[in-house]
Amino acid sequence: MAHFEKANSVYEWLDQRLAVSKLTKVLMTEYWIPKNINFLWAMGVVLMTMFTILLISGIFLLMYYKPDTKLAFDSVNYTIMQEVWFGWLWRHMHGVAASVVFLVIYIHMFTGIYYGSYKRGREMIWISGMLLFVTFSAEAFSGYMLPWGQMSYWAAQVITNLFGGIPFIGDELVIWIRGNFYVADATLTRFFMLHVLLLPLVIMGIIGLHFYSLRIPHVNNQEGEEIDFDAEAEKYKAGRKAESKVIPFWPVFLSKDLFVLGVFMIFYFYLVFYHYNFAMDPINFDPANPMKTPPHIYPEWYFLWSYEVLRGFFFDVGPLSAMDIGLAAFGIANVIFFLMPWLDKSPVVAPAHKRGAFKIWFWVLVVDMIVLTIWGKLPPTGANAWIGFFASVTFLILLLVALPMITKKEAQRAGGAA
Amino acid sequence: MADQKRRDFLGMVFGGFAAAGGVAALYAMKRTWDPLPSVMAAGFTTVDLSPMKPGEFRTVTWRGKPIFILKKDNTKLKKCDDADVKVGEGDYLVRIGLCTHLGCIPAWEGDKQIFKCACHGGEFDACGTNTFGPPPRPLDIPPFKIEGTKLVLGEEGPEYKKLVGKA
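As they're listed, the protein sequences go chains B and Z.
Here the working numbering is used: the first residue of the first sequence is 44, the next is one more, and so on.
Here the working numbering is used: the first residue of the second sequence is -16, the next is one more, and so on.
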């Protein structure tokens, strides 16, 4: 047992037992962030705030939601929306946050790609971030099922059916996932469990990993400069703050971060109060009907690009059926970003505008994903089907062929210059 | 060294028990996710086809799935000996009404004589054959048995076996 002396204050009492001052230093006042960053570096804190909002609004929705195919629709559209005081607020906050959280995730991701923040020791930051993207996607999908409207139902039908494409065990796997031959009560209750318990727990665990993965390689900066964090921290602590290249996370970095967060929250609450409808598909206000597919179904905007890759391949090629090619492409699209640190063969860590061909590659990728997103919502007929096809092929070529080629050349040049 | 062996043995016994318990727990978890016996117990749906008129299209429910029935005799609808079901004098198309791509319900467009799936644009003709888009195979045939003018869905009769080439 350690030796304890009489404490002179509550703080000192806590400090003796929990090392509060040490903890504050490690996590906040002596956790160093580079100075040379811009507002795009604020997205992490924005995401953390959105997750907190989702958690809190979700807790209140959970008080009245009923996970039963007979009760779910009314518990959301009648009880929560019309009877519960401020029920509409929690629902709109939850729905809008679920949508904009993906906007911020994409900005966060593409900031990482633009500045090369996924390599030279930062691979685990990138991978844990991609794991968060995948678990957030599962969380969004399972949550979308809960209001048990027509879109909920048919999205569940289509997405669970995707597993039918897995060779040999596909058909039985689909029944196993659903707990029935079709999307039914058993499906709703198990996805409810995933949405409110298992996936949030997993997400919180991975958020911990994501933060921890930053400790050793540290946050990247606008120039990709390698900073000696220990030396720069010493300068800062010695009072040479202007000369030092770093600032403490708290209070310096967060004070700027909170400004960006404030601007974002104005945008968010503007959507919650005045434009919540964009996150509420009108088709989902019809109760689920297993006997009637809505005339045109599509996922929420943040899944449209991968959905378009799935359906972009609409004709058979030799022995390969259109469905299998689409599924394979969809599978690749969903995991390919995990491999960014290895598809990029160049050791250069610099912003895209200083990387020549990589800059062009980056913007072509952004445009291609926007095209996929727009065409993902259009009916897949005539010219639309072909645009979807070419955009899907472009996406695969960009990541599997163009990126390794461009970065290999860059690596050779960098090697020659050194 | 004797001590070390004793430790290895204890470690292996502990690990073995933990692994066996882990496998047992995984099995229980897998079974908990399985469809319940009440769900698995085959549901049978009996449909009387005699009141159907030529060209009539019906959808009945079997195990939560829509079953398409299209009466084709005395119409201009395309007939196909290897795909149609003959019940009495009648000639019917009997299929599970789920697109073989991702399970949306295609709509029967009588004027064009096609089943059109709204989800990804797949099309099937009046014989249930996939003619356009991503569906990898024709509409599936549900197991059925013929009893007079009635169709019993869920049971494999000789006509069903013949149709799917099992006989």
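In this text, a Cβ means the ideal position worked out from N, Cα and C, and glycines have one as well.
Local Cβ density within 10 Å of residue i, reported as buried at 16 or more and exposed below that
i: Leu57(B); result: exposed
i: Gln200(B); result: buried
i: Val239(B); result: buried
i: Phe405(B); result: buried
i: Phe127(Z); result: buried
i: Lys133(Z); result: exposed
i: Leu443(B); result: exposed
i: Asn204(B); result: buried
i: Ala461(B); result: In this predicted model, Ala461(B) has a pLDDT of only 48, less than 50, meaning its place in the structure is not dependable enough to derive any value.
i: Phe116(B); result: buried
i: Tyr317(B); result: exposed
i: Gly148(Z); result: exposed
i: Asn113(Z); result: buried
i: Glu48(B); result: exposed
i: Met136(B); result: buried
i: Thr95(B); result: exposed
i: Ser33(Z); result: exposed
Opposing strand residues paired with residue i [DSSP bridges]
i: Arg41(Z); result: Ile52(Z)
i: Ile129(Z); result: Leu134(Z)
i: Ala90(Z); result: Lys99(Z)
i: Phe356(B); result: According to DSSP, Phe356(B) bridges with nothing at all.
i: Lys69(Z); result: Asp74(Z)
i: Glu106(Z); result: Lys99(Z) and Phe115(Z)
i: Leu76(B); result: Residue 76(B) is actually Ile in this sequence, not Leu. Looking at the DSSP assignment, Ile76(B) forms a beta bridge with Ile290(B).
i: Val378(B); result: Its beta-bridge partners do not exist; DSSP assigns none.
i: Asp31(Z); result: Lys133(Z)
i: Ile79(Z); result: Ile50(Z)
i: Leu97(B); result: Its beta-bridge partners do not exist; DSSP assigns none.
i: Pro330(B); result: Gly192(B)
Nearest neighbour of residue i, chosen from the options [CA to CA]
i: Gly80(Z); options: Ser21(Z), Gly111(Z), Lys128(Z) and Lys59(Z); result: Gly111(Z)
i: Tyr143(Z); options: Arg78(Z), Arg120(Z), Asp(-9)(Z) and Gln(-13)(Z); result: Arg78(Z)
i: Gly159(B); options: Leu304(B), Ala322(B), Tyr319(B) and Asn263(B); result: Asn263(B)
i: Asp108(Z); options: Gly(-2)(Z), Thr44(Z), Pro89(Z) and Pro126(Z); result: Pro89(Z)
i: Lys109(B); options: Ile220(B), Ile212(B), Thr232(B) and Asp273(B); result: Thr232(B)
i: Cys82(Z); options: Val53(B), Val226(B) and Thr336(B); result: Thr336(B)
i: Tyr350(B); options: Ala331(B), Asn327(B), Gly155(B) and Ala376(B); result: Ala376(B)
i: Trp133(B); options: Phe302(B), Ser185(B), Leu98(B) and Leu114(B); result: Leu98(B)
i: Ala371(B); options: Phe206(B), Leu347(B) and Val69(B); result: Phe206(B)
i: Val69(B); options: Gly213(B), Leu237(B), Phe292(B) and Val245(B); result: Phe292(B)
i: Gly116(Z); options: Ala445(B), Phe432(B), Val436(B) and Asp411(B); result: Phe432(B)
i: Ala276(B); options: Phe47(B), Glu73(B) and Glu55(B); result: Glu73(B)
i: Cys102(Z); options: Leu446(B), Leu439(B) and Lys420(B); result: Lys420(B)
i: Leu408(B); options: Trp429(B), Ile156(B) and Ala140(B); result: Ile156(B)
i: Trp16(Z); options: Met236(B), Ala281(B), Asn51(B) and Ile440(B); result: Met236(B)
i: Tyr345(B); options: Leu61(B), Ala426(B) and Thr416(B); result: Thr416(B)
i: Thr58(Z); options: Cys87(Z), Ile50(Z), Phe51(Z) and Asp94(Z); result: Asp94(Z)
i: Lys397(B); options: Thr450(B), Met71(B), Ala426(B) and Ala274(B); result: Thr450(B)
i: Gln96(Z); options: Arg(-11)(Z), Pro121(Z), Leu60(Z) and Lys13(Z); result: Leu60(Z)
i: Ser195(B); options: Ala45(B), Phe234(B), Met71(B) and Glu166(B); result: Phe234(B)
i: Leu386(B); options: Ile403(B), Leu347(B), Leu446(B) and Phe254(B); result: Leu446(B)
i: Arg165(B); options: Ser298(B), His46(B) and Tyr255(B); result: Tyr255(B)
i: Leu90(B); options: Ile150(B), Ile102(B) and Leu105(B); result: Ile150(B)
Supposed contact pair residue j and residue i - C-beta distance, whole angstroms, cut 8 Å
i: Phe179(B); j: Ile148(B); result: 7 Å
i: Ile168(B); j: Leu257(B); result: 6 Å
i: Val119(B); j: Pro210(B); result: Actually they are not in contact, since the Cβ atoms of Val119(B) and Pro210(B) sit about 38 Å apart, beyond 8 Å.
i: Pro77(B); j: Ile259(B); result: About 15 Å; that fails the 8 Å criterion.
i: Val143(B); j: Tyr311(B); result: 6 Å
i: Ala141(B); j: Gly213(B); result: Wrong, their Cβ atoms sit about 29 Å apart, outside the cutoff.
i: Phe224(B); j: Arg120(Z); result: About 19 Å separates the two Cβ atoms, so there is no contact after all.
Same chain only: Cβ atoms within 6 Å of residue i, ignoring 5 sequence neighbours per side
i: Phe380(B); result: Met173
i: Val68(Z); result: Tyr75 and Val77
i: Val303(B); result: Phe82 and Ala85
i: Leu314(B); result: Val139
i: Ile93(B); result: The question names Ile, but residue 93(B) is Met in the sequence shown. Within the same chain, Met93(B) has close Cβ partners Ala140 and Val144.
heavy atom of the ligand FMN below 6 Å from residue i C-beta
i: Gly458(B); result: This structure simply doesn't include the ligand FMN, nor any ligand for that matter.
Beta-carbon contacts of residue i that lie in its chain and below 8 Å, excluding the five residues immediately before and after
i: Asn79(B); result: Asn264, Gln265, Glu266, Glu268 and Lys288
i: Glu72(Z); result: Asp56
i: Val63(B); result: Tyr54 and Leu57
i: Ala198(B); result: Phe184, Tyr187, Met188, Ile340 and Pro342
Own chain residues within Cβ distance below 7 Å of residue i, not counting five before or after
i: Asp228(B); result: Asp111 and Thr112
i: Gly140(Z); result: Phe127, Lys128 and Ile129
i: Gln193(B); result: Ile326, Asn327, Asp329, Ala331, Asn332 and Pro337
i: Gly138(B); result: Tyr319, Ala322 and Met323
i: Phe373(B); result: Ser349, Val352 and Leu353
i: Ala454(B); result: Lys388, Ser389 and Pro390
i: Asp31(Z); result: Thr132 and Lys133
i: Leu242(B); result: Thr178, Ala181, Glu182 and Ser185
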